[in-house]
Amino acid sequence: MSEGFVDWFRKTRKLRAIRMIVDQSELAMKCVDSLEQAIRAVVETDVRNAEKFLEFVKIYEKEADSVRRRIMEELAKGELPSAIRGDLMRLARQIDLIADWSRIAGRLIRILLADLPKIFNNYEELRNGVLNMMRKVRGTSSTLNEAIKDFYDKRVKLAFEKADEVERLEREIDDLYEKVRMTYVRVNNMKVGGTILLGQLLDAIENIADRCEDSCDQLRVVLISVI
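Numbering (numbering that gives the first Met the number 0), first residue to last: 0 to 226.
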């Protein structure tokens with residue numbers, strides 16, 4: 000089955016479904032970018048700006064989900080071997096989860112918006128840890144997007160290299176996550192419910208990085224088909 004895909008990949012300049020996967024990846028990246036901007040606004044106690052960027056997260060997530068549905072419809076037409084279609088569908092689903100987790104994180108920030116600026120102001124180590132996590136998470140989504148663009152442009156070697164970079168960044172985020180969790184348990188001026196939600200926010204941010212890595216793992220599966 001892979002031989003048919005290789006022939007298509009070599010001869011065809013564009014495939015609509017893969018172009019849409021690039022678009023979906025860009026929208027997922029915008030979700031993550033907007034989430035980071037929202038968190039930076041919270042740190043600066045700029046609630047209005049935070050709300051603006053949280054709204055962007057919602058908008059981009061909806062757009063990404065709409066693109067995912069169109070990808071599924073396009074792949075269902077059966078122009079490619081079933082195994083390859085399944086691999087591309089799984090890639091689209093993994094990318095969709097990046098946007099999903101960004102929106103989940105955004106919802107948690109919105110719920111905590113009255114308390115977070117004060118928490119970040121009082122707990123510098125927590126604040127810096129969250130900012131560093133988000134900076135690297137943004138890096139993972141951006142690098143994933145570059146890898147998918149490289150795939151679309153048939154730069155397979157570069158796509159593999161970018162996928163490896165995402166994996167490296169995800170390990171760094173895991174290390175940061177462990178340190179931030181240790182800081183988070185020292186927060187003592189929130190209600191129990193708020194503390195639980197703050198922990199869930201940290202989990203959601205870490206999950207974005209995990210889904211970027213999962214997307215790259217799935218991208219590798221597709222790339223192997225064209226070697």
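Glycine included, every Cβ here is placed at the ideal spot set by N, Cα and C.
Report the three-state DSSP secondary structure of residue i (helix, strand or coil).
i    : result
I226 : coil
N48  : helix
V179 : helix
D187 : Residue identity differs from the one stated: residue 187 is Asn in this sequence, not Asp. Three-state DSSP puts N187 in coil, outside helix and strand.
K153 : coil
R12  : Per-residue confidence for R12 stands at a pLDDT of 45, beneath the threshold of 50, marking its modelled position as unreliable; no derived number is given.
Taking 6 Å as the cut-off, does the CB of residue i come closer than this to any heavy atom belonging to the ligand MG?
i   : result
I20 : Questions concerning the ligand MG fall outside what the structure shown contains, since it holds no ligand whatsoever.
Quick test of your reading: residue i and residue j, contact by CB under 8 Å. State the CB separation rounded to the nearest angstrom.
i    : j    : result
I204 : A104 : 6 Å
Y176 : M132 : 6 Å
Residue j and residue i - do their beta-carbons sit closer together than 7 Å?
i    : j    : result
L298 : G138 : The chain is shown only over 0 to 226; residue 298 falls outside these bounds and no answer can be derived.
V41  : V155 : no
E212 : V165 : yes
I147 : V21  : yes
I94  : A16  : no
L201 : V179 : yes
L96  : R210 : yes
Mark residue i as exposed unless 16 or more other C-beta atoms lie within 10 angstroms of its C-beta, in which case mark it buried.
i    : result
T142 : buried
M181 : exposed
A113 : exposed
I223 : exposed
A162 : buried
Is it true that the stretch 25 to 37 meets the stretch 47 to 60, where meeting means three or more beta-carbon pairs spaced less than 8 Å apart? yes
Quick test of the definition: if touching needs 3 or more C-beta pairs under 8 Å, does the stretch 194 to 203 touch the stretch 74 to 93? no
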